[in-house]
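Set out below in structure tokens:
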């Protein structure tokens with residue numbers, strides 16, 4: 001089982017002018033140390049308008065910066081929103097490919113639909129359309145990464161003519177594809193499409209083992225690849241998977257403070273129960289009020305790899321036995337200094353045994369899945385992408401409104417530049433003539 005880190009970049013109020021800059025700066029320091037410690041991947045979400053709970057609105061920017069300070073840790077979109085009004089699939093392909101090149105081929109391409117009214121409503125997305133938007137955008141973004149040129153798409157939500165989208169990713173044919181799975185049905189859907197399942201896990205290793213077994217059973221029996229490269233993996237992330245490691249259990253709990261349950265509370269607030277006034281509602285203050293009523297919201301047992309290295313190892317071994325391929329540990333609001341020590345302790349006293357066992361498990365799994373992958377490839381459907389029309393071309397002058405409008409800014413700019421050259425040449429000629437007199 002691989003062990004990774006997850007960032008939402010929560011930022012409880014009150015805020016000062018430098019807080020957001022410091023938040024990202026601290027995060028880069030932590031990821032650089034996590035790379036040296038041996039964590040497998042740093043996963044960064046993308047959310048919009050979820051103030052206090054998540055300030056990670058442009059994950060590709062942070063991950064690009066992290067790529068220049070790390071060597072081995074993989075860089076995961078956990079997830080990128082694919083509805084085209086949020087991220088056009090051509091832009092998705094460009095950003096994923098660019099990060100893959102910058103990082104030397106270390107990108108994990110996690111995708112999702114979005115679920116909160118803050119985001120769906122903010123971007124004008126009908127919740128009834130988000131699944132089909134995700135499906136169309138996933139197909140187009142992958143085709144943009146792999147086709148040369150992309151031959152075009154005419155769907156319900158995405159329409160795009162033929163274009164050669166550059167750059168192309170370093171990983172061929174494309175980085176591993178994942179989808180966010182909040183319930184068993186979406187895990188089943190991921191298996192049917194032969195992509196990785198970013199599965200939420202809130203109920204412990206036992207139920208997770210059932211979900212893992214269900215994923216691989218569905219993959220083998222009904223999987224039909226929708227991407228050129230299959231990704232038969234399932235990982236777990238959830239509110240009960242926080243991380244804070246210290247020399248003793250007591251120190252770890254003290255260093256985590258009351259922030260241990262904020263991830264779960266934020267989900268409840270923004271996705272289910274909260275009434276929110278933008279720029280006014282105090283999400284952190286509401287959380288503190290609930291913790292005061294029930295301290296177990298923050299300090300409850302089994303909330304993650306929280307405690308001494310020995311306690312963390314015991315907790316992680318329980319999840320390892322579930323058969324999950326990767327476990328993502330959350331970094332809830334906490335002290336930067338305490339997090340740096342926690343990462344260092346994990347690297348020295350916890351991760352080595354898991355890394356050793358994972359290397360063996362990966363090799364055994366690859367052998368075990370060989371006949372399954374053959375079945376999947378045998379079920380792969382013939383491509384439906386249109387063939388490229390070699391007679392197709394596009395001109396340089398934009399027109400619109402049925403040909404009644406022509407964008408003139410570039411011709412006007414070129415005319416002005418040409419006029420300037422003519423005037424400069426005339427002045428130079430006059431200067432030479434004066435010099436000859």
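Residue numbers (full-length UniProt numbering): 1 to 437.
Glycine included, each C-beta is placed from N, C-alpha and C at the ideal position.
Treat the numbers as computed from the prediction; the structure is a model and nothing was measured.
Check your understanding: Tell me which same chain residues have a C-beta within less than 7 angstroms of the C-beta of residue 85, skipping the five on either side of it?
Key -> 123, 124 and 125
**Study point:** residue 22 versus 33, 32, 34 and 9, residue with shortest Cα-Cα distance
**Key:** 9
Review point. Over what stretch of residues does the beta strand (DSSP E) that includes residue 235 continue unbroken?
Key: 234–237
Review point. For residue 283 versus residue 53, is the C-beta spacing smaller than 8 angstroms?
Key: yes
Exercise for review: Write down the C-beta distance between residue 252 and residue 245 rounded to the nearest angstrom, noting that I regard them as a contact closer than 8 angstroms.
Suggested key: 6 angstroms
Check your understanding: Can you list, in chain order, the stretches of the beta strand (DSSP E) that have 3 or more residues and sit fully within the stretch 240–289?
Key -> 242–245
Check your understanding: When DSSP builds the beta bridges, which residues end up paired with residue 107?
Key -> 75
Review point. Would a C-beta distance cut-off of 8 angstroms place residue 354 and residue 3 closer than the cut-off?
Key: yes
Practice item. Using 7 angstroms as the cut-off, classify the Cβ of residue 46 as near or not near the heavy atoms of the ligand FMN, replying yes or no. Key: Of the ligands one can find in the structure shown there are none, so the ligand FMN has no counterpart to examine.
Point to revise | Environment of residue 442 [buried if 16+ CB atoms lie within 10 Å] | key: It is not possible to answer for residue 442, since the shown part of the chain is limited to 1 through 437.
Check your understanding: So what's residue 160 in DSSP terms, helix, strand or just coil?
Key -> strand
Practice item. Assign residue 154 to one of three DSSP states: helix, strand, or coil. Key: strand
Check your understanding: Out of curiosity, what's the CA-to-CA distance linking residue 417 and residue 406?
Key -> 20 angstroms
Check your understanding: According to DSSP, is residue 323 helix, strand or coil?
Key -> coil
Practice item. Locate the alpha helix (DSSP H) running through residue 146, then write down its first and last residues. Key: 130–146
Review point. Is residue 408 helix, strand or coil when you go by DSSP?
Key: coil
Check your understanding: Taking C-beta to C-beta, are residue 327 and residue 256 nearer than 8 angstroms?
Key -> no
**Study point:** Straight-line Cα distance separating residue 427 from residue 433
**Key:** 10 angstroms
Check your understanding: Who does residue 305 pair with in a DSSP beta bridge?
Key -> 243
Practice item. Measure the beta-carbon distance from residue 141 to residue 92 and round it to whole angstroms, keeping in mind my assumption that it falls under 8 angstroms. Key: 4 angstroms
Review point. Under a three-way DSSP split, which group does residue 296 fall into?
Key: helix
Check your understanding: Roughly how many whole angstroms lie between the Cα atoms of residue 50 and residue 262?
Key -> 13 angstroms
Check your understanding: In three-state DSSP terms, what is residue 56?
Key -> coil
Point to revise | Counted within 10 angstroms of its Cβ, other Cβ atoms place residue 362 as buried (16 or more) or exposed | key: exposed
Review point. Quick one: what's residue 7 bridged to in DSSP?
Key: 44
Check your understanding: Pick from 220, 133 and 232: whose alpha carbon is nearest that of residue 176?
Key -> 232
Check your understanding: Ordered along the chain, which non-local residues of its own chain (more than five positions away) have a Cβ less than 7 angstroms from that of residue 333?
Key -> 10, 12, 259 and 262
Review point. So the beta strand (DSSP E) residue 196 belongs to, where does it begin and stop?
Key: 196–200
Check your understanding: Should the stretch 377–384 be called in touch with the stretch 24–42, which here means at least 3 C-beta pairs below 8 angstroms?
Key -> no
Check your understanding: Short check: CB of residue 121 to CB of residue 82, under 8 angstroms?
Key -> no
**Study point:** Distance, residue 67 Cα to residue 75 Cα
**Key:** 8 angstroms
Review point. Taking the C-alpha atoms as reference points, what is the distance between residue 87 and residue 422?
Key: 44 angstroms
Check your understanding: Does DSSP classify residue 399 as helix, strand or coil?
Key -> strand
Practice item. Compute the Euclidean distance between the alpha carbons of residue 359 and residue 408, then round it to the nearest angstrom. Key: 60 angstroms
Review point. Quick one: what's got a C-beta closer than 7 angstroms to residue 388's C-beta in the same chain, skipping five residues either side?
Key: 149, 151 and 162
Check your understanding: From which residue to which residue does the beta strand (DSSP E) around residue 90 run?
Key -> Per DSSP, residue 90 belongs to no beta strand (DSSP E); it is in the alpha helix (DSSP H), 89–102.
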